[in-house]
Amino acid sequence: MERLILNLERPTDEPELVAAVTSPRGVGGVAVIQVAGPGALAVTRGFLKTPSQTRTLDLPADQLKLARWMDGEEHVDDVIVVTDDPQADAQTVCITTHGSVRVVERILMSLQSAGARVVSTLPTETAWADLSSIEAAVMTHLPRAQTKRIALWLIRQITELPPVIEEAMKLLLQGEISPAVDRLEVLMESYDRAQVLLDGARVVIVGPPNVGKSTLANRLFEKPWSIESEEAGTTRDWVHHPIAIDGIPIVLADTAGLRADADSIEEQAIRLAQPVIRSADVQILVLDATGPATQVREEWLTELLDRRKLVVVLNKSDLVGPDQPKLDVSKISGAAPAAVSALHGHGLENLRRVILDALFPQGARMPVPCIWDADHRRKLGHFIGLAPGQPAQAAKLLSRTFLGCRS
Ligand SMILES: Nc1nc2c(ncn2[C@@H]2O[C@H](COP(=O)(O)OP(=O)(O)O)[C@@H](O)[C@H]2O)c(=O)[nH]1
Ligand SMILES: [Mg+2]
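Using our numbering, you'd call the opening residue of the sequence shown number 2 and step up by one each time.
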């Protein structure tokens with residue numbers, strides 16, 4: 002069986018034939034695949050027949066055509082195709098298919114077998130030739146937006162980014178290098194935040210067995226996706242799903258309880274979860290509010306958890322009487338723990354706020370203006386390097402990259 006290989010990196014700067022799904026991921030009624038680069042039209046046409054299958058399809062510029070996607074004898078799907086300029090060396094061909102994951106994958110496999118490299122997003126320079134570079138970068142990354150708020154934030158960059166670039170250019174031309182560089186560096190720093198907003202922040206729930214991690218995860222998932230049980234050691238794999246808090250996309254993962262006397266399957270689950278826990282943007286450590294302070298093991302704090310991204314949750318707070326002493330977690334975290342009852346759904350609004358505060362400890366949550374495109378970041382870094390020695394050249398390149406129309 003042929004396999005679809007998704008390339009996330011661009012190895013060369015040479016123009017090349019690439020294909021990408023440019024509609025949002027997931028199951029939808031339709032999906033859009035774009036093929037761009039040298040020979041895009043010829044390669045795509047090799048798979049297209051007229052609906053009656055009698056001949057290969059004629060594709061004039063900018064005309065939508067209904068066609069049959071044939072891979073050898075296999076009728077994969079009926080699709081709608083449009084291309085920009087059939088006479089150009091490189092074209093962009095847009096294929097609208099049915100949304101089934103299998104149909105999309107099958108068409109990508111056809112294209113891959115004909116020499117196209119399948120990538121996660123089209124390189125900005127091969128797509129959207131009639132748009133400005135900033136508009137093209139918005140269009141390229143828009144399918145990554147998982148919430149309406151993120152889509153609107155990205156679209157706002159079209160109007161908010163040019164004034165800062167213009168201001169930096171003006172400063173450069175006036176010889177005010179340092180303030181110009183400061184402005185550009187603020188943009189550079191916004192890149193990592195933009196990736197978190199576009200891909201979803203990674204938040205993981207950890208803690209000892211039976212403290213209510215899965216019950217809490219299900220509350221935050223708003224679906225019973227993780228098994229809750231009185232029996233310790235029930236969660237034997239890590240379960241993750243996308244959620245949104247205040248329009249911020251998050252991939253939330255529930256993990257197996259951390260304990261030393263786990264059986265072999267559980268032990269594997271704990272081991273598999275470790276990289277997920279370590280690389281998370283926020284770690285929610287769930288503890289049993291009625292349990293002893295010894296439920297937290299010293300080695301988690303030294304080996305697994307990171308105090309800078311830790312949120313401590315005292316669950317089962319419904320079982321703590323008003324006169325009972327509170328579990329002291331001051332040794333684990335400087336911040337006050339969030340008291341919740343996952344079972345009864347208490348304290349969740351506060352917890353959601355605490356999670357966002359931990360995700361974005363400083364600066365604007367959704368920076369405007371910002372840089373989100375890898376190519377823009379690379380070029381901006383280069384221009385910052387040029388600024389002290391060749392400010393006029395840096396200003397010219399800034400203008401060409403960010404302000405001009407590309408065709
Ligand atoms: N009283 C009370 N029980 C809870 C709460 N959260 C979870 N539980 C119970 O604790 C047990 C273990 O829950 P589970 O979510 O499976 O814990 P996990 O092993 O940490 O994932 C189950 O019987 C839950 O119903 C809570 O807030 N209050
Ligand atoms: Mg569990």
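Where a beta carbon is used, it is the ideal one built from N, C-alpha and C, also for glycine.
Non-local C-beta neighbours of LEU162 in its own chain, meaning closer than 6 Å and more than five positions away in sequence, comprise ILE135 and PRO370, ordered along the chain. The Cβ-Cβ distance between GLY208 and LEU286 falls below 9 Å. By the neighbour-count definition (other C-beta atoms within 10 Å, threshold 16), ASN351 is an exposed residue. The criterion of a C-beta distance shorter than 9 Å is satisfied by ALA195 and PRO368. When rounded, the separation of the alpha-carbon atoms in ALA20 and VAL119 is 5 Å. By the Cβ criterion, the stretch 309-317 is in contact with the stretch 331-345, since at least three pairs of Cβ atoms, one from each stretch, lie closer than 8 Å. The stretch 21-92 contains, as complete beta strand (DSSP E) runs of 3+ residues, the segments 31-39, 66-72 and 75-84 (chain order). For ALA218, no beta strand (DSSP E) segment is defined; the enclosing uninterrupted segment is the alpha helix (DSSP H) at 214-222. Here the stretch 105-113 lies against the stretch 60-73, with 3 or more beta-carbon pairs under 8 Å apart.
If you ignore the 5 residues before and after ALA294, its C-beta comes within less than 7 Å of the C-beta of LEU328 and ASP329, all in its own chain and listed in chain order. Ligand 1 never approaches GLY322 closely enough for any of its heavy atoms to be under 8 Å from the residue's Cβ. Checking the 8 Å criterion, the Cβ of ILE271 is out of range of every heavy atom belonging to ligand 1. Taking the Cβ atoms as the reference, MET170 lies roughly 5 Å from LEU399, within the contact range of under 8 Å. Boundaries for GLN394: no beta strand (DSSP E) harbours it, while the alpha helix (DSSP H) harbouring it runs 392-399, taken from the DSSP string.
In this chain, LEU302 is not harboured by any beta strand (DSSP E), its DSSP state being neither H nor E.
Between the stretch 238-245 and the stretch 183-190 there are fewer than three C-beta pairs closer than 8 Å, too few to call the two in contact.
Checking the 8 Å criterion, the Cβ of ALA343 is out of range of every heavy atom belonging to ligand 2. Taken atom to atom, the span from the alpha-carbon of THR303 to that of HIS345 is near 33 Å. For GLN284, the enclosing beta strand (DSSP E) begins and ends at 283-289. ALA68 is the residue among ALA68, GLY29 and ILE228 whose C-alpha sits nearest the C-alpha of ARG46. Of the candidates ALA146, THR256, VAL252 and HIS347, the residue whose Cα lies closest to the Cα of THR122 is ALA146.
With a cutoff of 9 Å on beta-carbon distance, PRO392 and GLY176 are scored as near each other.
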